[in-house]
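Read the structure below first, then the notes.
This is the structure in structure tokens:
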């Protein structure tokens with residue numbers, strides 16, 4: 241079985257964004273390339289996923305849940321305006337596609353979606369942009385940090401195809417923050433423990449996650465993802 | 015040897031099914047992961063793959079070097095050129111050192127290229143180049159041994175940042191796709207030839 245865009249992009253959002261990209265590309269004389277949205281994730285049953293790969297995928301899915309919930313909540317609250325609002329919609333659609341793909345790949349082994357409390361960061365433009373950038377930079381390091389741990393070439397290919405999307409998203413958010421999109425010539429990987437610790441320190445995840453309870457700040461979320 | 019690692023057949027299949035758009039003539043499709051063709055990583059294969067990627071980085075560096083030398087592009091494009099030129103120089107140096115060769119000259123010269131005199135033309139060409147390099151790097155990740163894979167990972171995300179940056183300057187969506195589908199060497203070089211970015 242193969243997961244293709246038509247399955248993971250059920251609301252047509254990624255395709256819509258792609259169409260918008262093509263439209264805007266015409267401003268460039270049509271020469272700027274448009275990359276089709278697509279995920280090279282094998283739709284194997286979860287039982288066929290190597291145990292070690294399943295652990296990596298579960299971890300990466302947890303990150304994608306966090307990003308998805310953050311953008312989705314921002315969209316739902318509707319407090320953001322202009323370019324930031326437009327970017328949020330595209331970013332949210334892409335993250336939802338990532339979540340869907342990972343969930344299908346893991347099947348019944350996929351962890352439940354945690355509940356989140358973003359502590360107001362989805363309601364204020366500057367807080368939103370800074371938090372979103374932090375999440376995307378974390379994602380870049382997290383994907384790179386797992387590259388050599390993945391056993392299956394197919395899963396590795398899929399993870400790396402997503403890894404550079406996280407980098408594009410970080411660059412976009414940096415532009416919205418009036419920051420330079422790159423900080424150096426080489427991005428660095430981040431260990432799982434470091435990533436999990438950083439997320440835990442923010443207190444965004446409040447239930448049902450791999451984040452240790454001792455790191456959780458609140459029992460009742462203001463919003464749920 | 016890179017041809018033997020080809021995923022081109024799959025790309026062509028995807029394109030013919032109408033699920034791919036053009037990247038300078040190369041189809042990028044939704045690939046079934048199970049069909050990722052590969053030869054198990056080895057030091058010998060690392061050298062071949064990294065030599066190909068080094069050639070790409072030399073071309074990128076030469077492109078931005080020439081843009082900087084001409085100096086006709088101003089404002090945020092000048093900043094983009096300055097930053098990416100430095101990044102590509104570092105990439106060339108790192109890959110050359112890993113392969114064990116001199117950084118060496120670019121296989122291409124861009125003298126007289128009209129793209130360096132026109133904002134829109136430059137954005138289009140730089141965007142095509144950066145997107146193709148991201149696809150090229152992603153297209154080789156399953157072919158590398160772990161240490162080399164980490165080097166390529168660290169470069170690929172920076173190239174993706176460049177791609178998003180130049181797209182945003184050009185008023186194109188910087189990150190509208192859910193995945194940057196990797197392309198094999200043949201597909202990348204075909205795409206770049208179409209843009210006069212490969213020789």
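Residue numbers (this note's numbering), protein chains in the order written: chain A, 241 to 465; chain B, 15 to 213. Heads up, the beta-carbon is just placed ideally off N, CA and C, and yes, glycines get one too. Predicted model only: the values in this text are computed from it and were never measured.
Expected contact under 8 Å - CB spacing of residue i and residue j to nearest Å
| i | j | result |
| --- | --- | --- |
| residue 368 of chain A | residue 361 of chain A | 6 Å |
| residue 421 of chain A | residue 430 of chain A | Actually they are not in contact, since the Cβ atoms of residue 421 of chain A and residue 430 of chain A sit about 19 Å apart, beyond 8 Å. |
| residue 196 of chain B | residue 152 of chain B | 3 Å |
| residue 404 of chain A | residue 187 of chain B | No, residue 404 of chain A and residue 187 of chain B are not in contact; Cβ-Cβ is about 15 Å, not under 8 Å. |
| residue 342 of chain A | residue 304 of chain A | 6 Å |
| residue 80 of chain B | residue 127 of chain B | 7 Å |
| residue 435 of chain A | residue 382 of chain A | 5 Å |
| residue 392 of chain A | residue 290 of chain A | 6 Å |
CB contact flag (residue i, residue j, <8 Å)
| i | j | result |
| --- | --- | --- |
| residue 174 of chain B | residue 194 of chain B | yes |
| residue 315 of chain A | residue 328 of chain A | yes |
| residue 150 of chain B | residue 70 of chain B | yes |
| residue 91 of chain B | residue 130 of chain B | no |
| residue 388 of chain A | residue 160 of chain B | yes |
| residue 296 of chain A | residue 390 of chain A | yes |
| residue 300 of chain A | residue 399 of chain A | yes |
| residue 155 of chain B | residue 396 of chain A | yes |
| residue 190 of chain B | residue 330 of chain A | yes |
| residue 106 of chain B | residue 72 of chain B | yes |
| residue 338 of chain A | residue 76 of chain B | no |
| residue 412 of chain A | residue 204 of chain B | no |
| residue 122 of chain B | residue 207 of chain B | no |
| residue 168 of chain B | residue 428 of chain A | yes |
| residue 78 of chain B | residue 116 of chain B | no |
Candidates the options, of which the one nearest residue i by Cα
| i | options | result |
| --- | --- | --- |
| residue 172 of chain B | A:356, A:398, A:384 | A:384 |
| residue 74 of chain B | B:209, B:91, B:143 | B:143 |
| residue 180 of chain B | B:205, B:151, B:97, B:71 | B:97 |
| residue 109 of chain B | B:163, B:85, B:178, B:183 | B:163 |
| residue 348 of chain A | A:405, A:404, A:294, A:442 | A:294 |
| residue 445 of chain A | A:291, A:289, A:290, A:302 | A:302 |
| residue 14 of chain B | A:407, A:402, A:401 | Within the shown structure, residues of chain B are numbered from 15 to 213, placing residue 14 of chain B beyond reach of any answer. |
| residue 202 of chain B | B:169, B:213, B:147, B:165 | B:147 |
| residue 64 of chain B | B:166, B:137, B:141, B:100 | B:166 |
| residue 310 of chain A | A:350, A:321, A:296, A:356 | A:356 |
| residue 321 of chain A | A:335, A:363, A:352, A:343 | A:363 |
| residue 185 of chain B | B:138, B:209, B:213, B:125 | B:138 |
| residue 438 of chain A | A:332, A:306, A:426 | A:306 |
| residue 377 of chain A | A:426, A:326, A:339 | A:426 |
| residue 344 of chain A | A:435, A:412, A:288, A:317 | A:288 |
| residue 336 of chain A | A:365, A:353, A:394 | A:353 |
| residue 95 of chain B | B:104, B:103, B:82 | B:82 |
| residue 365 of chain A | A:318, A:433, A:386, A:402 | A:318 |
| residue 308 of chain A | A:323, A:326, A:340, A:325 | A:340 |
| residue 346 of chain A | A:410, A:292, A:324, A:323 | A:292 |
| residue 423 of chain A | B:68, B:111, B:104, B:132 | B:104 |
| residue 432 of chain A | A:394, A:370, A:386, A:323 | A:386 |
| residue 141 of chain B | B:209, B:68, B:60, B:93 | B:209 |
| residue 68 of chain B | B:56, B:93, B:112 | B:112 |
One or two residues paired with residue i in a DSSP bridge
| i | result |
| --- | --- |
| residue 402 of chain A | Bridge partners of residue 402 of chain A: none, in fact. |
| residue 390 of chain A | Paired residues: none, contrary to the question. |
Environment of residue i [buried if 16+ CB atoms lie within 10 Å]
| i | result |
| --- | --- |
| residue 198 of chain B | buried |
| residue 312 of chain A | buried |
| residue 114 of chain B | exposed |
| residue 118 of chain B | exposed |
| residue 99 of chain B | buried |
| residue 333 of chain A | buried |
| residue 418 of chain A | exposed |
| residue 326 of chain A | exposed |
| residue 323 of chain A | exposed |
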